[in-house]
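In order, the protein sequences belong to chains A and B.
Start counting the first sequence at 145; every next residue gets the next number (the numbering used here).
Start counting the second sequence at 233; every next residue gets the next number (the numbering used here).
Using N, Cα and C, we set each Cβ at its ideal position, and we do this for glycine too.
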Amino acid sequence: MSSDESFLQEVVAALHRVGLEALVVGSVAAVLNGAPVMTQDLDLLVRDTPKNREKIAKLSAALQIAAPVEVSELSSSLTLLGGALPIDILFDALPGGLTFEALRSRSSRVQIGDSTATVAELGDVIASKEAAGRPKDLAQLPILRETQRVRGALKGGTSS
Amino acid sequence: MRLWLALSFLLRRLNGFPCRGRLVWKAMDRLAEAERLRGAVLEARQRVAPLVPDIDPGDLLLILQSLLRPIGTGRRFFLRRRDSGGYVF
Chain A
145 MSSDESFLQE VVAALHRVGL EALVVGSVAA VLNGAPVMTQ DLDLLVRDTP KNREKIAKLS
205 AALQIAAPVE VSELSSSLTL LGGALPIDIL FDALPGGLTF EALRSRSSRV QIGDSTATVA
265 ELGDVIASKE AAGRPKDLAQ LPILRETQRV RGALKGGTSS
Chain B
233 MRLWLALSFL LRRLNGFPCR GRLVWKAMDR LAEAERLRGA VLEARQRVAP LVPDIDPGDL
293 LLILQSLLRP IGTGRRFFLR RRDSGGYVF
């Protein structure tokens, strides 16, 4: 297991310990769906409730990293800094109107060492990046779409 | 003194052998795993390539390897920025 996979396993185990239901989204979800991309942080989607806010504080303590900080005044997203890599916590929905419930209904469970992560479907990762429209998202789209086509071809014998 | 030297030599040998054995075993294990992945990727490419002729062959190999490689087998996907400004993974 690489240090990246160990980091992911550690975070997922900590999520289970503090009882925080979170979906792995963004580029790490794409990686766990088999896409050959790289990223600089881990994005997690959670429901925005007072209880979950408490659990996020517990999560940073469990990972022995600094307390969550707001990404900006215009956004409710939080970042956990001070660990091996930044962890971004997003609330309720992703760009493109992708709600937590909708994403979870299409998600898959991925085993990482001893822990199981709930991971957004590749199609949803693509849709969220298309809607976000930032240059770094757009740059990843061609290889993500190709990965989705290859997956389709592997499963069903078609490329769509 | 001689007894101490003999004992320390014996301990080094006892500690050293199993360690080397494990390393050799791990390397063989990795090689077998790599061969299994290679076989799976080549078989999948043969099946899938005609269905996606517009995808660059190099990209196709990269995607298939990434799709078929099990999680927890040493994949790296996080970029880290160094103080010097460069990126490493």
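Under DSSP, residue 253 of chain A takes part in a beta bridge, and its partners are A:262.
When the Cα atoms are used, residue 285 of chain B and residue 243 of chain A turn out to be separated by approximately 35 Å. Cβ neighbours of residue 228 of chain A within its own chain (closer than 6 Å, five residues either side excluded): 151.
Minimum Cα-Cα distance from residue 298 of chain A among the listed residues B:289, B:280, B:318 and B:303 corresponds to B:280. Its chain contains 260, 261, 262 and 263 as the residues whose beta carbon lies nearer than 8 Å to that of residue 253 of chain A, once the 5 sequence neighbours on both sides are disregarded; these appear in chain order. In chain order, 306, 307 and 308 make up the part of chain B whose C-beta sits under 7 Å from the C-beta of residue 146 of chain A. Using a Cβ-Cβ cut-off of 8 Å, residue 261 of chain B does not count as an interface residue toward chain A, since no Cβ of chain A sits closer than that to its own. Residue 192 of chain A sits exposed, since fewer than 16 C-beta atoms from the chains shown fall within 10 Å of its C-beta. Scanning its chain for C-beta atoms nearer than 7 Å, with the 5 sequence neighbours on each side dropped, one finds around residue 178 of chain A the residues 291 and 295, in chain order.
Under a 10 Å Cβ-count criterion, residue 316 of chain B is classified as exposed, with fewer than 16 other Cβ atoms of the shown protein chains found around its own Cβ.
Here residue 291 of chain A carries a helix assignment [DSSP, helix/strand/coil]. Shown in chain order are the members of the stretch 276 to 302 of chain A whose Cβ falls below 8 Å from a Cβ of chain B: 287, 290, 291, 293, 294, 295, 297, 298, 301 and 302. Secondary structure at residue 265 of chain B: helix, using DSSP grouped into helix, strand and coil. Residue 266 of chain B is outside the set of residues whose beta carbon lies under 8 Å from a beta carbon in chain A. Not a single C-beta of chain B is nearer than 8 Å to the C-beta of residue 260 of chain A. One thing to note: residue 301 of chain B has its Cβ no nearer than 8 Å to the Cβ of residue 274 of chain B.
Residue 306 of chain B and residue 275 of chain A have their alpha carbons spaced roughly 32 Å apart. If the five residues before and after residue 268 of chain A are omitted, its C-beta is found closer than 7 Å to the C-beta atoms of 242, 247 and 250, all from its own chain and listed in chain order. In this model, residue 273 of chain A and residue 285 of chain A are separated by some 7 Å (Cα to Cα). Distances from the alpha-carbon of residue 278 of chain B to those of B:266, B:263, B:296 and B:264 put B:296 closest. Minimum Cα-Cα distance from residue 240 of chain A among the listed residues A:277, A:255, A:183 and A:209 corresponds to A:277. Of A:224, A:147 and A:256, the smallest CA-CA separation from residue 200 of chain A is found for A:224. Within chain B, the C-beta atoms nearer than 9 Å to that of residue 149 of chain A come from 303, 304, 305, 306, 307, 308 and 309, in chain order.
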